[in-house]
Ligand SMILES: *Cc1c(COP(=O)(O)O)cnc(C)c1O
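In the numbering used here, the protein residues as written are 10 to 498.
Dropping the structure here:
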């Protein structure tokens, strides 16, 4: 028998024991119910959570791979897609499909654009898409998977897409333009109207990534906030991605990809007729598709309706306004740009943001770190309606702590200077090994490879002369995170 890291269980365990182990593992997770984490969990209160839980379990075993066996799922998916298209300005021609999430929706949009170009512009052999720097990495993933070159263009000073730069990046190989509503990093809506015009003029497809905004912006606009047009109301927009498992408050594993016409959507489908197992047709990436995710999305849309979503959006926007004002009143930090909805970044107005992030971590808040420029990310959803005052109190204390000198900051400073000096003289492989060590050095006490204080690490990463080192470092980190820990007794 070869030696293995973790044995396959020889015997079954009692259910109680299995669940005790899982509950115990969960104790170490971030406290999302108390609104301590941003962007990973969208929570609309216990009643909604119960609706999606019950709907999911009702269709736990059903499989949307074959809709003829489950007309229930076929109908629910069709209705979810149609309701989403109606919300996003689609007419009777608009159509789409449900997918497992924003990434899959974006993968499908890019794949569709590639097929559409292959059919309508066969002279193109190296297709390209033009997208602002802020567009989600799922587009790079799509580029990587489907052989479409991603041409990134700069942003305006307000972090919105610079459409002149996009125009300049178009060449005879371009097949697709992309804009976000809003973009994830700073939460600002790109000038989709101009991108749509550019697409029409240049005879290109135009995808709007409304993954995070699709089920929020329409309601925010209804509440009277100024939201520019971003959806099928703009004639050049040919596809839209919108995540049900974000502001749709559905169960995880639910998004829609919408198209202006059925003709376009046909480019998304995959069909093979030669397999001995029969004719195989599949709308998107997955084969087997969980019925639960479709059922929970259908249930929550019907349970909340426009009225319910408006109520949630109103509270979220009130919390957002209060947070923005509170953050802007703290010396040394500020909200970047003027985000239209409830996604935003806290930028520096003199203070080191990564240190502020570390101080917030010590106070139990999990904030994502961003770079170019350094900032902290916030996605406010209904789970955060009750945390505004506590958050602002801790943020004020964190900013104050960063303004004071401390041994930790001095240590970070020394490490940074050391790293800066070393990366210039050490061979490549040494640098990536050193970077791996630096995680442990900076206080990754639990062996998860994730340091508790990350300010110094981010500082070091920012100072690396070679982005290739960064790539290696992240591969090492992904590797180390999938290791099984020694069995705990
Ligand atoms: C979340 C998000 C995505 C990706 O969605 P996943 O569900 O995480 O795959 C894409 N674009 C934007 C703007 C997002 O916020």
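Beta carbons are placed, not taken as given, at the ideal position from N, Cα and C, and that holds for glycine.
A quick note: this is a predicted structure, and the numbers were derived from the prediction, not measured.
When the Cα atoms are used, what is the spatial distance from residue i to residue j?
i	j	result
residue 355	residue 21	49 Å
residue 377	residue 89	31 Å
residue 152	residue 483	20 Å
residue 359	residue 365	11 Å
residue 248	residue 271	11 Å
residue 56	residue 343	35 Å
residue 451	residue 325	Model confidence at residue 451 stands at a pLDDT of 46, short of 50, so the residue's coordinates are unreliable; what they give is reported in the following sentence. Their Cα atoms are separated by approximately 36 Å.
residue 480	residue 279	33 Å
residue 235	residue 349	7 Å
residue 273	residue 76	21 Å
residue 339	residue 402	10 Å
residue 32	residue 38	10 Å
residue 126	residue 120	10 Å
residue 53	residue 47	14 Å
residue 336	residue 35	31 Å
residue 368	residue 410	7 Å
residue 67	residue 311	16 Å
residue 415	residue 23	51 Å
residue 130	residue 182	9 Å
residue 385	residue 41	18 Å
residue 12	residue 381	45 Å
residue 488	residue 346	36 Å
residue 457	residue 486	Here the model assigns residue 457 a pLDDT of 46, short of 50, so the residue's position is not dependable, and the following value carries that caveat. Roughly 9 Å separates the two Cα atoms.
residue 229	residue 261	23 Å
Compare the beta carbon distance of residue i and residue j with 8 Å and say whether it is the shorter of the two.
i	j	result
residue 207	residue 169	no
residue 135	residue 150	no
residue 467	residue 363	yes
residue 65	residue 116	no
residue 352	residue 223	no
residue 192	residue 220	no
residue 184	residue 144	no
residue 60	residue 308	yes
residue 198	residue 178	no
residue 98	residue 240	yes
residue 319	residue 232	yes
residue 305	residue 259	yes
residue 73	residue 303	yes
residue 393	residue 44	yes
residue 27	residue 493	no
residue 237	residue 96	no
residue 379	residue 194	yes
With a cut-off of 8 Å on the beta carbons, I'd call residue i and residue j a contact; round off their distance for me.
i	j	result
residue 501	residue 132	Past the boundaries of the shown model lies residue 501; the chain is included only from 10 to 498, so the question cannot be answered.
residue 111	residue 250	6 Å
residue 202	residue 267	18 Å between Cβ atoms; not a contact.
residue 174	residue 166	With 8 Å as the limit, residue 174 and residue 166 do not qualify as a contact, their Cβ atoms being about 13 Å apart.
residue 500	residue 217	The structure shown does not extend to residue 500, since the chain is modelled only from 10 to 498, so the question has no answer here.
residue 102	residue 323	At roughly 32 Å, the Cβ-Cβ gap does not stay under 8 Å, so residue 102 and residue 323 are not in contact.
residue 413	residue 341	Not really, about 12 Å apart at Cβ, beyond 8 Å.
residue 464	residue 361	6 Å
So that I know if they touch, is there some Cβ in chain C lying closer than 8 Å to that of residue i?
i	result
residue 28	In the structure shown, chain C cannot be found, because there is only a single protein chain.
Is residue i near ligand 2, in the sense that its beta carbon is under 7 Å from a heavy atom of that ligand?
i	result
residue 252	For the structure depicted, ligand 2 is absent and the ligand set comprises only ligand 1.
Taking the runs of the alpha helix (DSSP H) that are 4 residues or longer, which of them lie wholly in the stretch 13 to 96? 24 to 36, 55 to 67, 80 to 96
At a cut of 8 Å, does the stretch 80 to 96 reach the stretch 323 to 333 through at least three beta carbon pairs? Output reads no: the stretch 323 to 333 does not touch the stretch 80 to 96.
Do the stretch 179 to 188 and the stretch 136 to 144 meet, that is, are 3 or more Cβ pairs less than 8 Å apart? yes
Are the stretch 200 to 215 and the stretch 73 to 84 touching by the rule of at least three beta carbon pairs closer than 8 Å? no
With a floor of 3 residues, list each beta strand (DSSP E) that falls wholly inside the stretch 150 to 227, ordered by position along the chain. 158 to 162, 183 to 189, 214 to 218
Taking three-plus beta-carbon pairs below 8 Å as touching, is the stretch 282 to 299 in contact with the stretch 101 to 108? yes
Are there three or more Cβ pairs, one per stretch, closer than 8 Å when the stretch 401 to 411 is compared with the stretch 366 to 380? yes
Go through the stretch 339 to 383 residue by residue and report every complete run of the beta strand (DSSP E) that reaches 3 residues or more, in order. 342 to 344, 352 to 357, 377 to 379
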